[in-house]
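Contents: one structure, followed by commentary.
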Amino acid sequence: MTALPPATAPDRPVRVAVAGLGWAGREIWLPRLAAHPGFEVTAVVDPEPGVRDRARATHDVPSAYADVDDLPAGAVDLVVVAVPNHLHASVAVRLLRRGVPVFLEKPVCLTSAEATLLADAERDGGAVLLAGSAARYRADIRALTGVAGELGPVRHVDVAWVRARGVPDAGGWFTRRDLSGGGALVDLGWHLLDTVLPMLGPTRVTHAIGSVSDDFVNDSAAHAAWRSDTAAGGRAPGDVEDTARGFLLTAEGASVALHACWASHESLDRTTVTVHGAAGSATLRCTFGFSPNREPAPVLTRTRDGETVRLPLPEEPIGAEYDRQLDELPGLLADPASRGAAVAEARRTIDIIERIYQSARPTAPERQHALAGHRDR
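If you want it as structure tokens, here you go:
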């Protein structure tokens, strides 16, 4: 087999459209793409005329459309899809089938069936699907991954993203299960799994169970005031979890304890990852995301033989991981090895999420069986 040449970035900026101008599209992706020399934002897509007109004027974008189907053939090299969760797969599938490459915000899909649709569309259309994996591009996560590689076989990982107050878009689509696919597990938990699973390698996750709760989701004091999409009064109550806890076991016997939480009794938003290896452990304490209510600075420590040492970390501004991912996107877009990789990772992630939800929210027959068993005791 002839070896493929190494992937290189194109010799001109990547022409990109941003589809979906909610918080992520408007605040994360559009301004960064507009400022990045590797990209040229040629179009924005959103069903709301006022929203797309403001975005077009703010960032001097040539064209605006109500739907991705309106994008002319050959007009863009990539579409960044940042629509609400329930539309992620359907919008991406429509573009991929037309042969248009897609960069899809997380969650890449909400079900295993959607993962199959994405895989089919990527194959049939001949275009590549890339996925948002911002946490992997954090300097502190990369440092932790490097240290973890020195600890021998991974035995266990504790990973948590716990917000003090941070229910997003309260009363909007984020807190409606039919539109979001779930709460903190689908949102924060996707980032956590995207961070941890590569540390475990290609091993199969044989068991995944968990629990969910919703003590804060409809408490106005727990809403994410730092997000510009916080809902006004009169919107529907949320029916998703604000807290999820999961436990995973791999075929090799490694385990993962996961805790994703939109709101809590904590004073600061924090993210912690502890990797326990056969030859020691390493812990990163930081804060993912953009909340201003965060840890002052990330701290990475390593423990061996009863001694804990603090390891150096580079300083970086909040959100640098998104810029770093954009730096690598043109190369990924040109790399034949990228095709199928995002769907394969998403399939693994959504399978775990589905199994946690299944154990936390049993179906009606399962609930009846559990109740009958309780009465028999």
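With the working numbering applied, the sequence shown covers 677 to 1053. For each residue, glycine too, the CB sits at the ideal point set by N, CA and C. All values derive from a computational prediction rather than experimental measurement.
Nonlocal neighbours in the same chain, by C-beta distance under 7 Å from residue i, ignoring five residues either side
i: alanine 651; result: For residue 651 there is no data in the structure shown, the boundaries of the chain being 677 and 1053.
i: glutamine 1034; result: none
i: glycine 909; result: Only weak support exists for where glycine 909 lies, its pLDDT of 44 falling under 50; the value from the coordinates is given anyway. Excluding sequence neighbours, glycine 909 sits near nothing in its chain.
i: glycine 842; result: Ala900, Trp938, Ala939, Asp945 and Ser967
i: alanine 810; result: Glu997, Tyr998 and Gln1001
i: glycine 995; result: Phe966
i: tyrosine 741; result: Ala719, Val721 and Leu747
i: valine 727; result: Leu697
Other residues of its chain near residue i: CB distance less than 6 Å, five sequence neighbours each side excluded
i: glycine 857; result: Asn761 and Leu786
i: arginine 676; result: With the chain represented from 677 up to 1053, any question about residue 676 goes unanswered, as that position is not in the structure.
i: leucine 827; result: Gly953, Ala955 and Gly956
i: alanine 797; result: Val769, Leu772 and Arg773
i: valine 862; result: Pro783
i: glycine 701; result: Val694 and Ala758
i: glutamate 617; result: This structure cannot speak to residue 617, because the chain is shown only from 677 to 1053.
i: glycine 922; result: Gly886, Leu934 and Ile1032
Under 8 Å between C-beta atoms of residue i and residue j
i: valine 778; j: valine 755; result: yes
i: aspartate 753; j: arginine 799; result: no
i: valine 776; j: valine 767; result: no
i: aspartate 891; j: aspartate 918; result: yes
i: leucine 794; j: arginine 1024; result: no
i: alanine 930; j: alanine 824; result: no
i: threonine 979; j: arginine 970; result: no
i: leucine 1069; j: glycine 877; result: Given that the chain is displayed from residue 677 to residue 1053, the structure contains no residue 1069 and the question cannot be resolved.
i: alanine 912; j: alanine 936; result: no
i: leucine 706; j: phenylalanine 715; result: no
i: threonine 871; j: arginine 812; result: yes
i: glycine 847; j: glycine 802; result: no
i: threonine 821; j: valine 881; result: no
i: glutamate 942; j: alanine 840; result: yes
i: methionine 875; j: valine 838; result: no
i: leucine 960; j: aspartate 834; result: no
i: leucine 989; j: alanine 819; result: yes
Minimum C-alpha distance to residue i - residue among the options
i: alanine 860; options: Met875, His764, Thr882 and Ala836; result: Ala836
i: histidine 744; options: Leu925, Val694 and Asp999; result: Residue identity check: residue 744 is valine in the sequence provided, not histidine. That would be Val694, whose Cα lies nearest to the Cα of valine 744.
i: alanine 731; options: His935, Leu763, Ala898 and Gly698; result: Gly698
i: alanine 973; options: Ile1028, Asp845 and Thr948; result: Thr948
i: aspartate 999; options: Arg814, Val975, Thr734 and Ser788; result: Arg814
i: arginine 852; options: Val916, Asp863, Leu868 and Pro689; result: Val916
i: alanine 888; options: Asp722, Asp736, Gly701 and Arg1037; result: As written in the sequence, residue 888 is valine, which differs from the alanine given in the question. Considering only alpha carbons, the answer is Arg1037.
i: valine 737; options: Val717, Asp722 and Leu747; result: Val717
i: threonine 950; options: Ala927, Thr984 and Ser943; result: Thr984
i: valine 804; options: Thr879, Ile1026, Ala1017 and Ile1032; result: Ala1017
i: leucine 747; options: Ile1028, Gly848 and Asp722; result: Asp722
i: isoleucine 1028; options: Pro1012, Pro1006 and Ser788; result: Ser788
i: isoleucine 704; options: His832, Glu781, Phe850 and Val830; result: Glu781
i: isoleucine 885; options: Ile1032, His764 and Ala742; result: Ile1032
i: alanine 845; options: Leu869, Ser896 and Ala765; result: According to the sequence as given, residue 845 is aspartate; it is not alanine. It is Ser896 whose Cα lies nearest to the Cα of aspartate 845.
i: alanine 711; options: Gly726, Ala1020 and Asp1003; result: Asp1003
i: leucine 868; options: Leu924, Asp854 and Thr879; result: Leu924
i: leucine 855; options: Val932, His832, His764 and Gly922; result: His764
Residues bridged to residue i (per DSSP)
i: tryptophan 837; result: Ala936 and Thr947
i: leucine 924; result: Ala884 and Val932
i: phenylalanine 892; result: Its beta-bridge partners do not exist; DSSP assigns none.
i: leucine 806; result: Phe779
i: threonine 919; result: Ser889 and Cys937
i: arginine 978; result: Ala958 and Val985
i: valine 830; result: Gly953
i: valine 784; result: DSSP lists no partner for valine 784.
i: valine 843; result: His899
i: arginine 970; result: Asp945
Close Cβ partners of residue i (< 8 Å) along its chain, the five nearest in sequence each way excluded
i: arginine 1053; result: Because arginine 1053 sits at a pLDDT of 45, beneath the cut-off of 50, its placement in the model cannot be relied upon, and the point is left open.
i: proline 673; result: The shown model of the chain, from 677 to 1053, leaves out residue 673, and the question about it has no answer.
For this session: Entirely within the stretch 684-761 and at least 3 residues each: give me those beta strand (DSSP E) ranges in chain order.
Result: Counting whole runs of 3 or more residues, the stretch 684-761 contains the beta strand (DSSP E) stretches 690-695, 715-721, 739-741 and 754-757.
Exercise. Hey, which unbroken runs of the beta strand (DSSP E) at 3 residues or more fall wholly within the stretch 993-1025?
Worked result: Counting whole runs of 3 or more residues, the stretch 993-1025 contains no beta strand (DSSP E) stretch at all.
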